[in-house]
Amino acid sequence: MSAISLINSGVAWFIAAAVLAFLFSFQKTLSGWIAGIGGAVGSLYTAAAGFTVLTGAVGVSGALSLVSYDVQISPLNAIWLITLGLCGLFVSLYNIDWHRHAQVKCNGLQINMLMAAAVCAVIASNLGMFVVMAEVMALCAVFLTSNSKEGKLWFALGRLGTLLLAIACWLLWQRYGTLDLRLLDMRMQQLPLGSDIWLLGVIGFGLLAGIIPLHGWVPQAHANASAPAAALFSTVVMKIGLLGILTLSLLGGNAPLWWGIALLVLGMITAFVGGLYALMEHNIQRLLAYHTLENIGIILLGLGAGVTGIALEQPALIALGLVGGLYHLLNHSLFKSVLFLGAGERLVPYRSSRYRKTRWYWQENAGYLHRHVSRVDGNGCAAAAERVCRGMGYLSILFQTEQ
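Following the numbering used here, the numbering of the sequence shown begins with 850 at its first residue and continues without gaps.
Structural data, given as structure tokens:
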């Protein structure tokens, strides 16, 4: 199958799973199975589309047949598709077992619609549609927060970001007469992107990515969401914000030096402050949220180095920055989804997210975990997270950031 056929199938599975899970929400177990299996299949198709383009090293374009939606998949956004697909697979399979808890609510509609919108945002060939799909994704995420107060905070900040992005799109249309990314790239080679539009885009997408000081919604939303939802916030939603920033910065291939420096500074601040807050936090999901902020900063450092290399016309710096940032993006998404899902298994039976009250979860031996942790995460989650934190094997690049 071609990459376009794979992505069509993936989005169709997400939408079908969302609708059917909602229709059968009166039977929670059945709804969980529908949402989980459908989401897992859609995630596999999404990851396969990304692998197809990445291994072929040639971009493809086409349309989503369901909605007549023009798309393009390049080797760059193929990395995001692989990340979304793998993380979505973990979350979907875990979500089947999550529905066994009596006190949790059905979430198949929101989670699968979030995944469908995220995939559509990644492959959008039009910046306006990118913003629209990112908005749909963010709204689905807001409805996954269990606390109305924190949901309102995220809703307010998210709409502010969308307003700024809408203004940026309007200015782009006024100056370039199009929002098509390919046409924008060609026209910006003659008339470079203005810094005013770039700043609007960075702030708008920065609110979605949780870049400090635009991170107000991040710890609260993670702490008041279910484990599958919090995992998606960290590994999918916030990563779409980074893609938006990188997309704007690469248009035209003539970014000024100060753009790269600004991204480097924002990355350093986000990494340092996020890690500092994490050291003082005792709520497990808030702690993981602050560690996500730290890693968002580290990823942004790599992307900023790549943009700086473009400005300085240094191919080595471009390669090192982008490869390092994108590798860490994939690696962080995979292991952080495991940690959120593993932590969530402690929140329901013990009804506490306080780290000190559930500290034993991280300390007891594998046999104890096998008896007390659910079938889905079990020793697999514990072993995978341990390998990352210890910097073992191919995950060793994270050693210096997670110790």
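All C-beta atoms in this analysis are idealised placements derived from N, C-alpha and C, irrespective of residue type, glycine included. Predicted, not measured: the structure shown is a model, and the values here were computed from it.
Let me check understanding here. Comparing Cα to Cα, which of Gly1053, Leu1095, Ile960, Asp1029 lies closest to Ser1075?
In terms of Cα proximity to Ser1075, the closest of Gly1053, Leu1095, Ile960, Asp1029 is Ile960.
Excluding the 5 residues flanking Ala987 on each side, which residues of the same chain have their C-beta closer than 6 Å to its C-beta?
Here the set comprises Gly1007.
### Query
Based on the DSSP output, what are the partners of Leu913 in its beta bridges?
Tyr918, per the DSSP bridge assignment.
Practice problem: Sort Ala1104, Leu1150, Leu1100, Gly1123 by Cα distance to Val1114 and report the nearest one. | Solution: The residue with the shortest Cα to Cα distance from Val1114 is Leu1150.
### Neighbourhood of Leu1048 by C-beta, 7 Å cutoff - its chain only, sequence neighbours within 5 removed
Excluding sequence neighbours, Leu1048 sits near nothing in its chain.
>> Please classify Glu1143 as buried or exposed, where buried requires at least 16 other C-beta atoms within 10 Å of its C-beta.
In response: So Glu1143 ends up on the buried side.
**OP:** Report all residues from its chain with a CB closer than 7 Å to the CB of Val868; omit the five preceding and five following residues, and keep chain order.
**Re:** Result list for Val868: empty, nothing under 7 Å.
**Report entry** Same chain only: Cβ atoms within 8 Å of Tyr1204, ignoring 5 sequence neighbours per side
**Finding:** Note on Tyr1204: pLDDT 43, under 50, position unreliable in the model; no value is reported.
Margin query: For a test of the three-state rule: what should DSSP assign to Ala906, helix, strand or coil?
Written below: It is coil, neither helix nor strand.
- Task: Could you check what DSSP says for Thr994 in three-state terms: helix, strand or coil?
- Result: DSSP places Thr994 in strand when its eight states are reduced to three.
Coarse secondary structure for Ala1005, derived from DSSP in three states: DSSP, read as helix, strand or coil, puts Ala1005 in helix.
Continuous alpha helix (DSSP H) stretch holding Cys936: start and end = It spans 924-947 - the alpha helix (DSSP H) in which Cys936 sits, taken as one unbroken run.
Query - Contact belief for Val968 with Leu1012 at Cβ below 8 Å, rounded distance in angstroms - result: The beta-carbon distance between Val968 and Leu1012, rounded to whole angstroms, is 24 Å. This is too long to meet the 8 Å contact definition.
Next item on the list: Going by CA-CA distance only, name the one from Ala897, Phe863, Gly1090, Val971 that's closest to Ser941.
Entry: By alpha-carbon distance to Ser941, the top candidate from Ala897, Phe863, Gly1090, Val971 is Phe863.
Checklist entry - How about Leu1009 and Cys1018: do their beta carbons lie closer than 7 Å? => result No; because the gap between Cβ atoms is not below 7 Å, this pair is not in contact.
Q | Asn1132 - DSSP class collapsed to helix/strand/coil | A | Looking at Asn1132 - three-state DSSP - the assignment turns out to be strand.
Note to self: Please report the straight-line C-alpha distance between Ala1005 and Leu1057, rounded to a whole angstrom.
What the structure shows: Their Cα atoms are separated by approximately 12 Å.
DSSP bridge partner residues for Asp1029 (one or two, in chain order): Asn975, per the DSSP bridge assignment.
- In the DSSP assignment, what residue or residues form a beta bridge with Ala1253? There is simply no residue 1253 to check, as the chain begins at 850 and stops at 1252 in what is shown.
Residue range of the alpha helix (DSSP H) that Thr1084 falls in? Boundaries for Thr1084: no alpha helix (DSSP H) harbours it, and the DSSP string shows neither H nor E there.
- prompt: Are the beta-carbon atoms belonging to Thr1084 and Cys936 less than 7 Å from one another?
  reply: For Thr1084 and Cys936, yes; Cβs fall inside 7 Å.
**Prompt:** Do Gln1163 and Gly1101 have their C-beta atoms closer together than 7 Å?
**Reply:** Cβ atoms of Gln1163 and Gly1101: not closer than 7 Å.
What residue range is occupied by the uninterrupted alpha helix (DSSP H) comprising Asn1103?
Element bounds for Asn1103: n/a, residue is neither H nor E.
Which one of Gly887, Gln876, Val1156, Ala912 has the shortest CA to CA distance from Met978? Ranking the options by Cα distance to Met978, first place goes to Ala912.
- Task: Give a single yes or no on whether Ala1015 has its beta carbon closer than 6 Å to a heavy atom of the ligand ATP.
- Result: The ligand ATP is not part of the structure shown, which contains no ligands of any sort.
- Whose CA, out of Val1086, Val916, Ala1120, lies closest to the CA of Trp929? Of the candidates Val1086, Val916, Ala1120, the one whose C-alpha sits nearest the C-alpha of Trp929 is Val1086.
Length of the line joining the Cα atoms of Phe1189 and Gln921: So the alpha carbons of these two residues sit roughly 31 Å apart.
*Could you check the C-alpha separation between Ser797 and Asn857 for me, to the nearest Å?*
Within the shown structure, residues of the chain are numbered from 850 to 1252, placing residue 797 beyond reach of any answer.
Through-space distance from Leu1091 to Val985, alpha-carbon basis: Those two C-alpha atoms are separated by around 17 Å.
Exercise for the section: Report all residues from its chain with a CB closer than 7 Å to the CB of Val1122; omit the five preceding and five following residues, and keep chain order. Expected result: Taken in chain order, the residues that qualify are Ile1061.
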